[in-house]
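Sequence lines, in order, name chains A and B.
The opening position of the first sequence corresponds to residue 146 in my numbering, with each subsequent residue numbered one higher.
The opening position of the second sequence corresponds to residue 146 in my numbering, with each subsequent residue numbered one higher.
Number of protein chains: 2
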Amino acid sequence: MASPMELFDEEPGSTREAIMQATYAALAKHGYADLTIQRISDEFDKSKSLLYHHYESKDALLVDFMGFMLERIEDTIPIEQQENAYEQLVLVFDQVFDELFAEPDFLRALLELRTQAATDETYRQEFSDNEAYIRARLADIIRAGIEEGTFREVDPARTAELILTLIDGAVLRQATIDDIDIDLIRDELVNYARLRLLTDEADV
Amino acid sequence: MASPMELFDEEPGSTREAIMQATYAALAKHGYADLTIQRISDEFDKSKSLLYHHYESKDALLVDFMGFMLERIEDTIPIEQQENAYEQLVLVFDQVFDELFAEPDFLRALLELRTQAATDETYRQEFSDNEAYIRARLADIIRAGIEEGTFREVDPARTAELILTLIDGAVLRQATIDDIDIDLIRDELVNYARLRLLTDEADV
DNA sequence: TTGTTCTGATTGAATGTTCATTCAACACTA
DNA sequence: TAGTGTTGAATGAACATTCAATCAGAACAA
C-alpha cells in the first residue's frame, strides 16, 4: 500500500489535488502566518484567479485543505491485522513515527492548521472529529487486547487518551523547539505500552 | 506569594505592563491571526500611535510580549522546598494544573505564540531556551530524588523530557479539541511519576 | 514666586502597502 | 453555440507605520 504522504509528490490526479499540493508547498515554505493566495498560486501552474473558480474564498480553500490533511492522518492508521493487540499497537506506533515524524514539514503544517482550532470553530470541530476517530481506533485495539488476554484490564479510553496526548506533545515539541530527540519519546511510549498493558511482562 | 497570573488583572505598574495587558486581552479576544495594532490599542487606554512610541514595530512588541508570557511560565515553578523530591514534583504538577490549566485563555495565547516558533527563528530560540530551563529544573528535582533515595535510578533528562512532552500534549489538546478531560491526564501523570520513580511503590 | 525652556508622552490624521476578491474577456471543447 | 477553464488587470478594504502637532511636567533661572 502506498504511503499517505505520496499524494504530496505524485502527479496530481485532479485540479483539486493540484491545488492541495500547491497549498501544502506554500504552507511548508512560508508558514501559516504568511500564507497568501498569491503564494499558493506561485506553487500552482495555473493562475491565481483560477483558485477562485474552484473555491469561493481563501477561507473555503483552507478548510478543504485541512480536510485533505486530516485524511492523510486517518490513512496513517494501518489496516492489516496483526497477530495480537500488542503487535497491532506497535504497528500503529511504527507508522506514526516512521511516516509522520519523518516528514517535519507535514507535522509543522498540521500544527499550524491545528492551532487555528484554538479560535476558529470550524477548525475545532474538524480536529475534534478526527481526534475522536483516532482515539476510538486506538481504544478498539486496546479493548481487543484485553479480550484476547494480551492486555491487562485497563480503561481503554483512558489509555488511548494518554497515548494520544504523548504523541501530540511530541508533535508540538518537534515543530517548535530545537534538538528534540523523537526516538526517546518513541522508546518511552513503547516502554509504557509494554509495562502498563502487557499481562505477561515483568514489572519495570 | 502572588500567582504569576495576577499581572494580567492588576493595575499596571508601568506603561509597558499596560501594553502587555492590552496585548494579552486582544490576543485572548481575537486570536493571533486577527491580532492587529488597532485591536491592541482598543484594549489600551492610550492611543494607537503611542504603541509606536514604545516599540519600533508590531513585531518588536510581540517579541517583547512573548518574553513577558515566558516569564509567567518560569514563575510557575515553585521555589519552596518540600520534604522530599516526590513532594517537590507533585508541587510542580499542582502548580501547573491548578494555575496554568485553570487559565484556558493563557494556554491558548501561549500555544498561538509558540506555534509561531514553527517558522520564526526568533520565537523558536526563545521557546527553546525557556524549555531548556524548565527541563533542567525538572531534571534537578529528579536527580535530587535519586540521590536522597526517594527515586529509582532513572535517567533524569529522559524522564523530564517525557513529563514535559505529556504536559505539552495536554496544552495542545486542551486548546484545540473539545471536551478534554484534563484531570485524567493529571492523574495519569502523577500515576506515572509514582510507578516509574518511587522506590518504595509496589508496581502497578 | 513666576516665567521659560526642554523633554518625553500623547494624539489624530495621513500614507503607502499588501492582500483578498472581482470581472470582463479570451480559449478550448463538446 | 453553450459551457467550462483560464487569465491579467482592476478594485477596495484592512493594516502597519509615520508625522506634525499638542500637552504635561521637570528643571532652572529671574
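Glycine included, each C-beta is placed from N, C-alpha and C at the ideal position.
Checklist entry - For D300 of chain A, which option in A:L309, A:R288, A:I308, A:L311 has the closest C-alpha, if you only look at C-alpha atoms? => result Within the first sequence, residue 300 of chain A is the residue found at index 155, counting from 1. The shortest Cα separation from D300 of chain A among A:L309, A:R288, A:I308, A:L311 belongs to A:R288.
Checklist entry - What are the uninterrupted segments assigned as alpha helix (DSSP H) that are 4 or more residues long and contained completely in the segment 149 to 214 of chain A, given in chain order? => result 160 to 175, 182 to 187, 193 to 199
Item to check | Beta-carbon proximity check, L234 of chain A vs L311 of chain A, cutoff 9 Å | outcome: Here residue 234 of chain A corresponds to residue number 89 of the first sequence, with the count starting at 1. Here residue 311 of chain A corresponds to residue number 166 of the first sequence, with the count starting at 1. No, the Cβ-Cβ distance between L234 of chain A and L311 of chain A is not below 9 Å.
Checklist entry - Do we get a CB-CB distance below 9 Å when we pair Y169 of chain B with the residues of chain A? => result Numbered from its first residue, the second sequence carries residue 169 of chain B at position 24. Taking Cβ atoms only, chain A never reaches closer than 9 Å to Y169 of chain B, which makes this a no.
Checklist entry - Which residues of chain B have a Cβ atom closer than 7 Å to the Cβ of T221 of chain A, listed in chain order? => result Locating residue 221 of chain A in the first sequence gives position 76, where the first residue counts as 1. Correct list: empty, because the minimum Cβ distance to chain B is about 17 Å.
Item to check | For T221 of chain A, the nearest candidate out of A:D209, A:E228, A:A247, A:H198 (CA to CA) | outcome: What you label residue 221 of chain A is simply residue 76 of the first sequence in a count that begins at 1. Answer by Cα proximity: A:A247.
Item to check | Residues bridged to F296 of chain B [DSSP beta-bridge criterion] | outcome: Position 151 of the second sequence, counted from the start, is the residue given in the question as residue 296 of chain B. Answer by DSSP bridge pairing, in chain order: B:L343.
Checklist entry - Does any CB atom of chain A fall closer than 9 Å to the CB of F246 of chain B? => result Position 101 of the second sequence, counted from the first residue, corresponds to residue 246 of chain B. No, its Cβ sits nowhere closer than 9 Å to a Cβ of chain A.
Item to check | Distance between beta carbons of V208 of chain A and T267 of chain A, contact taken as under 8 Å | outcome: Along the first sequence, read from residue 1 onward, the residue named residue 267 of chain A stands at position 122. Along the first sequence, read from residue 1 onward, the residue named residue 208 of chain A stands at position 63. At roughly 6 Å, the Cβ-Cβ gap stays under 8 Å, so T267 of chain A and V208 of chain A are in contact.
Item to check | chain B within 9 Å of F272 of chain A, Cβ atoms only | outcome: Looking up residue 272 of chain A in the first sequence gives position 127. Yes, contact with chain B.
Checklist entry - Count the other CB atoms within 10 Å of the CB of S186 of chain A; is the residue buried (16 or more) or exposed (fewer)? => result As a working mapping, residue 186 of chain A is identified with position 41 in the first sequence. Counting Cβ neighbours within 10 Å, S186 of chain A comes out buried, since at least 16 surround it.
Checklist entry - Rounded to a whole number of angstroms, what is the C-alpha to C-alpha distance between I330 of chain A and D154 of chain B? => result For this step, residue 330 of chain A is matched to residue 185 along the first sequence. For this step, residue 154 of chain B is matched to residue 9 along the second sequence. So the two alpha carbons sit approximately 38 Å from each other.
Next on the checklist: Quick check: is the beta carbon of V208 of chain A nearer than 9 Å to any beta carbon in chain B?
Outcome noted: Here residue 208 of chain A refers to the residue found at position 63 of the first sequence. Answer no: the Cβ-Cβ gap between V208 of chain A and chain B never drops below 9 Å.
Checklist entry - DSSP state of E232 of chain A, grouped into three classes? => result Position 87 of the first sequence, counting from 1, holds the residue named residue 232 of chain A. E232 of chain A falls in the helix class under three-state DSSP.
Item to check | Rounded distance between the beta-carbons of L195 of chain A and E271 of chain A, thought under 8 Å | outcome: Taking the first sequence and counting its residues from 1, one reaches residue 271 of chain A at position 126. Taking the first sequence and counting its residues from 1, one reaches residue 195 of chain A at position 50. The Cβ separation is near 25 Å, so there is no contact.
Checklist entry - Between B:I322, B:L342, B:T264, B:Q166, which lies nearest to I308 of chain B when the distance is taken from Cα to Cα? => result Within the second sequence, residue 308 of chain B is the residue found at index 163, counting from 1. With distances taken between Cα atoms, I308 of chain B lies closest to B:L342.
Checklist entry - Using a C-beta to C-beta distance shorter than 9 Å, which residues of chain B count as neighbours of A262 of chain A? => result In the first sequence, the residue the question calls residue 262 of chain A occupies position 117. Here the neighbours are A320, T321, I322.
Item to check | Neighbouring residues, chain A, relative to A315 of chain B (Cβ below 7 Å) | outcome: To locate residue 315 of chain B, count along the second sequence from 1; it is residue 170. Under the 7 Å cutoff, chain A gives T310.
Item to check | Spatial neighbours of F213 of chain A in its chain, beta-carbon cut-off 7 Å, leaving aside the 5 residues before and after | outcome: Within the first sequence, the letter at position 68 stands for residue 213 of chain A. Cβ neighbours of F213 of chain A beyond the five flanking positions: M165.
Item to check | C-alpha gap between P157 of chain A and Y169 of chain A, whole angstroms | outcome: Within the first sequence, the letter at position 12 stands for residue 157 of chain A. Within the first sequence, the letter at position 24 stands for residue 169 of chain A. So the alpha carbons of these two residues sit roughly 13 Å apart.
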